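A.B. asks: Per the numbering used here, residue 496 is the first one in the first sequence, and the count goes up by one each step.
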Amino acid sequence: MDGQAISQVLLNTYQKLSAYYGPQHWWPAEEPFEVIVGAILTQSAAWTNVEKAIANLKKAGALTPKTLRKLPSEQIASLIYPSGYYNVKARKLKTFVNWLGRRYGDNLSNLFNNNIDDLREQLLTVYGIGEETADSIILYAADKPVFVIDAYTRRVLNRLGLKPPTETYDAYQTFFMEHLPADSKLFNEYHALLVCLGKDVCRKNPVCERCCLNATGRHATEGQYPCSLALR
DNA sequence: GGCCAGGACACCA
DNA sequence: TGGTGTCATGGC
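1) What are the boundary residues of the alpha helix (DSSP H) that includes residue 577?
2) Near residue 668, what residues of its chain come up, given a Cβ to Cβ distance below 6 Å and the 5 sequence neighbours on each side ignored?
3) Hey, residue 535 and residue 628 are a contact pair by Cβ (cut 8 Å); roughly how many whole angstroms apart?
4) Taking residue 650 as the reference, give the member of 639, 690, 606 with the closest Cα.
5) Do the region 658-677 and the region 622-641 make contact, defined as three or more Cβ pairs closer than 8 Å?
6) Using the C-alpha atoms, what's the distance from residue 568 back to residue 612?
7) Out of 529, 578, 600, which has the shortest C-alpha to C-alpha gap to residue 544?
8) With DSSP collapsed to three states, give me the class of residue 733.
9) Just how far apart, CA to CA, sit residue 711 and residue 694?
10) Given this structure, state the Cα-to-Cα distance separating residue 592 from residue 564, to the nearest angstrom.
11) If you check the beta carbons only, do residue 501 and residue 674 fall under 8 Å apart?
12) With burial defined as no fewer than 16 other Cβ atoms inside 10 Å of the residue's Cβ, what is the status of residue 654: buried or exposed?
13) What are the start and end residues of the alpha helix (DSSP H) that includes residue 630?
14) Let me confirm a value: residue 528 is counted as buried when at least 16 other C-beta atoms fall within 10 Å, else exposed. Which label applies?
15) With H, G and I counted as helix, E and B as strand and the rest as coil, what does DSSP make of residue 659?
16) Whose CA, out of 584, 519, 504, lies closest to the CA of residue 540?
17) Quick one: grab the DSSP three-state call for residue 522.
18) Just to confirm before moving on: does the CB-CB distance between residue 521 and residue 687 stay below 8 Å?
19) Quick one: is the Cβ of residue 659 within less than 7 Å of any heavy atom of the ligand COA?
20) Given this structure, state the Cα-to-Cα distance separating residue 634 from residue 679, to the nearest angstrom.
Now the structure itself:
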């Protein structure tokens, strides 16, 4: 399949997912700092649990860099308890707000004034921010066009028969970004739709969860997908 | 009672 | 460089 055909498949898939599921309105947060906190808390956690943790932080008035810097890690940990891994995540939040204050005086606009490559490079130096979290921050908080890769994205792309040359994060990301226009709105919606599809298939069809949405590469027959139209 | 969710990091060979 | 263990709650 040549580059143009791949672009067509990706755009076609996007359009079908969009028509099937509708707008996703990601990221579910009121402001960019909340997006960043959510991106850290959602690491290997269900979003419903993250919502509880964020609600606790809001209720405690702790959803600002300054407050998080002041609060002891133990107290942050107890507030974010429902999101799991609370001790590690408390440390990650503390590390980020310390870095943000020291380097940018808590001003996210200044941080986001960096170009995408510099922004990504800087975020990746912070403890607790890996590739997916960095890209989620760049796309959903800074509104810059990078494609976020997660487990769902990999599985769905594999199911489309479009596995990149190597199965690294970078290879998957390059694959999407080389074949789609650099549009943050498109990337925003596309990634959200892929996650939506992944959750939907898992929930409605456990056969798919075992056969085609796991990491083994095995896959089920077309008819077993609740929205197989979106995957053709 | 087991499995998994919008990962990242440390450690080891 | 790649594989494995660790961190942990809550919903199904």
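Every residue, glycine too, gets a C-beta built ideally from N, C-alpha and C.
Please read these numbers as outputs of a predicted model, since none were measured by experiment.
C.D. replies: Based on what the coordinates show:
1) Translated into positions along the first sequence, residue 577 becomes position 82. Neither: residue 577 is in no alpha helix (DSSP H) and is coded neither H nor E.
2) Translated into the one-based positions of the first sequence, residue 668 becomes position 173. Excluding residues within five positions, the ones whose Cβ falls inside 6 Å are 642, 644.
3) Locating residue 535 in the first sequence gives position 40, where the first residue counts as 1. Locating residue 628 in the first sequence gives position 133, where the first residue counts as 1. Sure, about 6 Å apart at Cβ, within 8 Å.
4) Position 155 of the first sequence, counting from 1, holds the residue named residue 650. Comparing alpha carbon positions, the residue from 639, 690, 606 closest to residue 650 is 690.
5) As far as the Cβ criterion goes, the region 658-677 touches the region 622-641, which means the pair count is three or higher.
6) For the purposes of this step, residue 612 is taken as the residue at position 117 of the first sequence. For the purposes of this step, residue 568 is taken as the residue at position 73 of the first sequence. Cα to Cα, the separation comes out at about 31 Å.
7) Position 49 of the first sequence, counting from 1, holds the residue named residue 544. Proximity to residue 544 across 529, 578, 600 peaks at 578, based on C-alpha coordinates.
8) Given that the chain is displayed from residue 496 to residue 727, the structure contains no residue 733 and the question cannot be resolved.
9) To locate residue 711, count along the first sequence from 1; it is residue 216. To locate residue 694, count along the first sequence from 1; it is residue 199. Residue confidence for residue 711 is low, a pLDDT of 29 falling below 50, so the modelled location carries little weight and cannot support an answer.
10) For the purposes of this step, residue 592 is taken as the residue at position 97 of the first sequence. For the purposes of this step, residue 564 is taken as the residue at position 69 of the first sequence. Straight-line spacing of the CA atoms in residue 592 and residue 564 works out to 6 Å.
11) Against the first sequence, residue 501 aligns to sequence position 6. Against the first sequence, residue 674 aligns to sequence position 179. Contact: yes.
12) The residue given as residue 654 occupies position 159 in the first sequence. Taking all protein chains shown into account, residue 654 has 16 or more neighbouring C-beta atoms within 10 Å of its C-beta and is therefore buried.
13) Numbered from its first residue, the first sequence carries residue 630 at position 135. Per DSSP, residue 630 is one residue of the alpha helix (DSSP H) stretching across 626-631.
14) One-based indexing of the first sequence puts residue 528 at position 33. It counts as buried.
15) Here the question's residue 659 lines up with position 164 in the first sequence. It is coil, neither helix nor strand.
16) Locating residue 540 in the first sequence gives position 45, where the first residue counts as 1. Closest option to residue 540, Cα to Cα, is 584.
17) For the purposes of this step, residue 522 is identified with residue 27 of the first sequence, where counting begins at 1. Here residue 522 sits in coil by DSSP.
18) Residue numbering aside, residue 521 sits at position 26 when the first sequence is read from its first letter. Residue numbering aside, residue 687 sits at position 192 when the first sequence is read from its first letter. Cβ atoms of residue 521 and residue 687: closer than 8 Å.
19) For the structure depicted, the ligand COA is absent and the ligand set is empty, with no information on it obtainable.
20) Sequence index remark: in the first sequence, residue 634 carries index 139 (1-based). Sequence index remark: in the first sequence, residue 679 carries index 184 (1-based). Cα to Cα, the separation comes out at about 7 Å.
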